[in-house]
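Whatever position you read off the sequence shown (first residue = 1), add 1 for the working numbering.
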Amino acid sequence: MLSGSVGQLRVMSYNVRYFGHPVRGVFSTRRGVRRIAQTIARMDPLPDLVCLQEVETRSLRASRTHQTHQTATQLDALLWGLDAALDGLGKRDRYDAFYFPAHAYRITAATSFYTTGLAVLAKRGLSVLAHNAGKPHDITHRPREVKLKQTRICAHVAFESATGDRVEIFNTHLSLPSFWAKNFWTSPYRLGFGDNQLLEARQLVDFIARERQSDHYIVAGDFNSLPGSPVDKFLREEHGLRDAFQSLNFRDESRARQFATAGFMNLRMHIDHLYASPTVDWVDLEGTHAFGQHGDFDGLSDHVPLIARFKVNGHTPRKALVPEIGVGLIIDPTQPPKPA
Numbered sequence: 002m003l004s005g006s007v008g009q010l011r012v013m014s015y016n017v018r019y020f021g022h023p024v025r026g027v028f029s030t031r032r033g034v035r036r037i038a039q040t041i042a043r044m045d046p047l048p049d050l051v052c053l054q055e056v057e058t059r060s061l062r063a064s065r066t067h068q069t070h071q072t073a074t075q076l077d078a079l080l081w082g083l084d085a086a087l088d089g090l091g092k093r094d095r096y097d098a099f100y101f102p103a104h105a106y107r108i109t110a111a112t113s114f115y116t117t118g119l120a121v122l123a124k125r126g127l128s129v130l131a132h133n134a135g136k137p138h139d140i141t142h143r144p145r146e147v148k149l150k151q152t153r154i155c156a157h158v159a160f161e162s163a164t165g166d167r168v169e170i171f172n173t174h175l176s177l178p179s180f181w182a183k184n185f186w187t188s189p190y191r192l193g194f195g196d197n198q199l200l201e202a203r204q205l206v207d208f209i210a211r212e213r214q215s216d217h218y219i220v221a222g223d224f225n226s227l228p229g230s231p232v233d234k235f236l237r238e239e240h241g242l243r244d245a246f247q248s249l250n251f252r253d254e255s256r257a258r259q260f261a262t263a264g265f266m267n268l269r270m271h272i273d274h275l276y277a278s279p280t281v282d283w284v285d286l287e288g289t290h291a292f293g294q295h296g297d298f299d300g301l302s303d304h305v306p307l308i309a310r311f312k313v314n315g316h317t318p319r320k321a322l323v324p325e326i327g328v329g330l331i332i333d334p335t336q337p338p339k340p341a
């Protein structure tokens, strides 16, 4: 069953930091996966769509923390944990997952320390129409002076709800402002003020304009950008996207910045966002709490999730859809992992 009132869907965007504890590091991954799965399972209503950032696939780092399934990925473990938690709560809902690989830190040509990427989970009941899991779109800005640059991508999945509305999800994770830029060291604000970030935001909106197949879409992710920053204003003011937090809570940008979505040591930052096209109305942010405040997801990552309900406004135009934008990976949690 889909969540909430008729015609409404619930979306969650969460940087899980490879499911590692923000202090204990990478070897807390297995416990982190289990705790996040259990916390999602307890949500009422359950999210229909979950956008994850900083998820890794097969790697040395992942395998060190999965003793019973040596070839299991973090996403495998999350789905198995989610199934078990939902069973324990008497919930029959299940999720399908799509993984979008972005970047591998290689030790040798055949071995990588870890691979980063994005993931989208969809509750069964949503029909998947198209996706680019086989070839996620690269939006990275690579200046000449930087030889090693983490790849940034945009994941895209198109769905049809039980009511016949088509909704598309664009999930992304923008770079931090470039340390090489002069204004990084002279500007009082940095997050969302980097020229490299603005160039990636332009790549993002160009990709959305090319690939979207309906007027109803959500753009979710870790933008590493403050409310009111050039990146945020570019998306909202120049391209008409509607930020859920600013639409429902604080229209004043300075107040919005005070609601932290991430933290590092003593720093608190509002850098995660849920944007929507003009034909999507935000309904509520129930379940969202500030970083550092008591809440269900407190202490599970160096970010907290943004959780929002939305509804589409108007009839979805019928367009011809390509069944698969790329060759995708749909993970079935009922199947054991294949041998490496």
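No residue lacks a Cβ here, since even glycine has one placed at the ideal position from N, Cα and C.
Residue i and residue j closer than 7 angstroms at C-beta
| i | j | result |
| --- | --- | --- |
| glutamate 57 | arginine 18 | no |
| asparagine 133 | leucine 175 | no |
| methionine 13 | isoleucine 272 | no |
| arginine 167 | serine 215 | yes |
| leucine 47 | aspartate 97 | no |
| aspartate 244 | arginine 237 | yes |
| leucine 87 | alanine 42 | yes |
| valine 281 | histidine 217 | yes |
| leucine 200 | histidine 142 | yes |
| arginine 11 | leucine 301 | no |
Outcome for residue i when other beta-carbon atoms lying within 10 angstroms are tallied against a minimum of 16
| i | result |
| --- | --- |
| lysine 124 | buried |
| aspartate 49 | buried |
| alanine 38 | buried |
| glutamine 294 | exposed |
| phenylalanine 298 | buried |
Own chain residues within Cβ distance below 6 angstroms of residue i, not counting five before or after
| i | result |
| --- | --- |
| asparagine 16 | Gln54, Glu55, Asp223, His304 |
| serine 230 | Gly193, Phe194 |
| proline 137 | Phe101, Ile154, Ala156 |
| alanine 103 | Thr117, Gly118, Thr152, Ile154 |
Residue i to residue j span [Cα, whole Å]
| i | j | result |
| --- | --- | --- |
| glutamine 9 | phenylalanine 292 | 26 angstroms |
| proline 228 | valine 220 | 15 angstroms |
| leucine 268 | valine 232 | 20 angstroms |
| methionine 270 | glutamine 259 | 8 angstroms |
| threonine 262 | threonine 74 | 26 angstroms |
| alanine 210 | glycine 89 | 42 angstroms |
| arginine 256 | glutamate 161 | 36 angstroms |
| isoleucine 326 | alanine 131 | With a pLDDT of 44 at isoleucine 326, under the threshold of 50, the modelled position of that residue is not reliable, and no figure is offered here. |
| asparagine 197 | lysine 234 | 15 angstroms |
| asparagine 120 | arginine 32 | Here the sequence assigns alanine to residue 120, which means asparagine is not the residue at that position. In a straight line, the C-alpha of alanine 120 is about 19 angstroms away from that of arginine 32. |
| leucine 122 | serine 248 | 25 angstroms |
Strand pairing of residue i, partner residues [DSSP]
| i | result |
| --- | --- |
| lysine 312 | Gln9, Asp282 |
| alanine 221 | Asn172, Leu275 |
| valine 56 | Gly118 |
| alanine 131 | Ala159 |
| asparagine 1 | Summary: the structure shown does not reach residue 1, with the chain confined to residues 2 through 341, and so no result is reported for it. |
7 angstroms Cβ shell around residue i - same chain, five flanking residues per side excluded
| i | result |
| --- | --- |
| valine 284 | Gln9, Arg310, Phe311, Lys312 |
| glutamine 204 | Ile140 |
Other residues of its chain near residue i: CB distance less than 8 angstroms, five sequence neighbours each side excluded
| i | result |
| --- | --- |
| asparagine 250 | Ala257, Phe260, Leu286 |
| valine 34 | Phe20, Gln75, Ala78, Leu79, Gly82 |
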